[in-house]
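Asker: Quick note: the sequence shown, position 37, residue 36 per numbering that gives the first Met the number 0, numbers continuous.
Below are the structure tokens for one structure; questions will follow.
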Amino acid sequence: MKKYLFCLIAMMAVCSAGAQRLILQQRFGTKWGQEMLSMKNKPNGFMYRMRVDKQSTDLPQVQATEGLELYISEPTDNGWLGFYRLPTSSDDYDFVVVLYDEDKQPTDVINLCDITNNRYCEVQDVRWDADNHWLLFNMACPSYADMIDGKGSKLYCYDPGKKRMVWETGYLVSNDIFILDDKYVYCSYGFTSEKKFLYLLDKKTGKTYSKLPMVYKVEYMELEEVNGHKMLYAVDYNDNLFSFRVSDKPEPAKKTTAKRNVRRK
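Now the structure itself:
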């Protein structure tokens, strides 16, 4: 416990040293109710590394998805997105996104391994950016990063219309879940004894606005409006819940946490 508190104090000191757009507001610890979060961003449970969210089970498969399993099917602004992969028990990787129109007819097939030239990392989350009609996804280290010389866990932004990569981050930026809003991408990296960070990125460029050290790996994130402020809630590997205020202007992070009333779902 003392070691954890020391790490937490050190983390907050680092956050205070530079300008950030993610400002730590409160650490709830493990004593928080599940009703505080909707779990909408990872309905299969935040302890699982790969998000599974099947909102439609009747999306037609195409030739490129034969032998693959559907893990994510969700509506977009102009149709549907289907994410297919080989079973998690497989020794090989193959990740395919199919875009569908409103009638659930395939309009585009994107092999994520081909466009990244990467078949040694695992896609652990995929999101559609309706504002720009871009596809965001990560290619995460399947185990310890040093097993692949740290060359994994990038976040990618791809434009299906122009068939080009808009931007990509450096290594060790995104594994597990990430989410986005109209301006930002919220992602994290961490694995057992490796360093853990929570990131805030510019959605249009991939530029890093905040990089906050965490004691444990982040496994779940959710955004909510509270008293006129956009708040990010993050749950780590040990079930600790944190809240961060999202600021459009960089400012020093505060060393003390502010108390507030949490809106119940």
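Glycine included, each C-beta is placed from N, C-alpha and C at the ideal position.
These numbers come from a predicted model, not from an experiment.
(1) At 3 residues or longer, and completely inside the segment 156-222: list those beta strand (DSSP E) runs for me, N to C.
(2) Output the boundary residues of the beta strand (DSSP E) element that contains L231.
(3) Assign L67 to one of three DSSP states: helix, strand, or coil.
(4) Go to L36, then tell me how far its alpha helix (DSSP H) extends in each direction, as first and last residue.
(5) Is A139 helix, strand or coil by DSSP?
(6) Is F94 near the ligand ADP, going by C-beta to nearest heavy atom under 7 Å?
(7) DSSP three-state label for A18, please.
(8) Would you give the residue range spanned by the beta strand (DSSP E) that I109 belongs to?
(9) Just to confirm before moving on: does the CB-CB distance between L154 and V125 stay below 8 Å?
(10) Give the secondary structure of D52 by DSSP, where H, G and I count as helix, E and B as strand, and everything else as coil.
(11) In chain order, what residues of the same chain have a beta carbon less than 7 Å from the beta carbon of S209, not counting five sequence neighbours either side?
(12) Does the beta-carbon of N174 have 16 or more other beta-carbons within 10 angstroms, so that it is buried, or is it exposed?
(13) S246 to S72, Cα distance in whole Å?
(14) With respect to the beta strand (DSSP E) encompassing F45, which residues constitute its N-terminal and C-terminal limits?
(15) Roughly how many whole angstroms lie between the Cα atoms of L7 and D238?
(16) Tell me the DSSP secondary structure of Q62 in three-state form.
(17) What is the DSSP secondary structure of D90, reduced to helix, strand or coil?
Answerer: For this structure:
(1) Listed in chain order, they are 163-167, 183-188, 195-201, 207-213.
(2) Start at 1 with the first residue of the sequence shown, and residue 231 comes out as number 232. Segment 228-235, the beta strand (DSSP E) holding L231.
(3) Walking along the sequence shown from the start, residue 67 turns up at place 68. If DSSP states are grouped into helix, strand and coil, L67 belongs with coil.
(4) The residue you call residue 36 lines up with position 37 of the sequence shown. According to the DSSP assignment, L36 belongs to no alpha helix (DSSP H), since it is labelled neither H nor E.
(5) Taking the sequence shown and counting its residues from 1, one reaches residue 139 at position 140. Under the three-state reduction of DSSP, A139 is assigned to strand.
(6) The model depicted lacks the ligand ADP and carries no ligand whatsoever.
(7) Taking the sequence shown and counting its residues from 1, the one referred to as residue 18 is at position 19. Strand.
(8) The residue you call residue 109 lines up with position 110 of the sequence shown. 105-110 is the span of the beta strand (DSSP E), which, as asked, contains I109.
(9) Here residue 154 refers to the residue found at position 155 of the sequence shown. Here residue 125 refers to the residue found at position 126 of the sequence shown. L154 places its beta carbon 8 Å or farther from that of V125.
(10) As a position in the sequence shown, residue 52 is number 53, starting the count at 1. Note: D52 maps to strand in three-state DSSP.
(11) Here residue 209 refers to the residue found at position 210 of the sequence shown. Same-chain partners within the cutoff: Q19, R20, L21, Y198, L199.
(12) Stepping through the sequence shown from its first residue, residue 174 is reached at position 175. Buried: at least 16 other Cβ atoms inside 10 Å.
(13) As a first step, residue 246 is located in the sequence shown; it is residue number 247 there, counting from the start. As a first step, residue 72 is located in the sequence shown; it is residue number 73 there, counting from the start. Distance from the CA atom of S246 to the CA atom of S72, rounded to whole angstroms, is 32 Å.
(14) Translated into positions along the sequence shown, residue 45 becomes position 46. Following the DSSP letters along the chain, one finds F45 in no beta strand (DSSP E), marked with neither H nor E.
(15) The residue labelled residue 7 in the question sits at position 8 within the sequence shown. The residue labelled residue 238 in the question sits at position 239 within the sequence shown. Here L7 scores only 48 on pLDDT, less than 50, and its place in the model should not be relied on; the value that follows carries that caveat. Computed Cα separation, rounded: 15 Å.
(16) Counted from its first residue, the sequence shown places residue 62 at position 63. In the structure shown, Q62 sits in a helix (DSSP, three-state: H, G or I).
(17) In the sequence shown, the residue the question calls residue 90 occupies position 91. DSSP places D90 in coil when its eight states are reduced to three.
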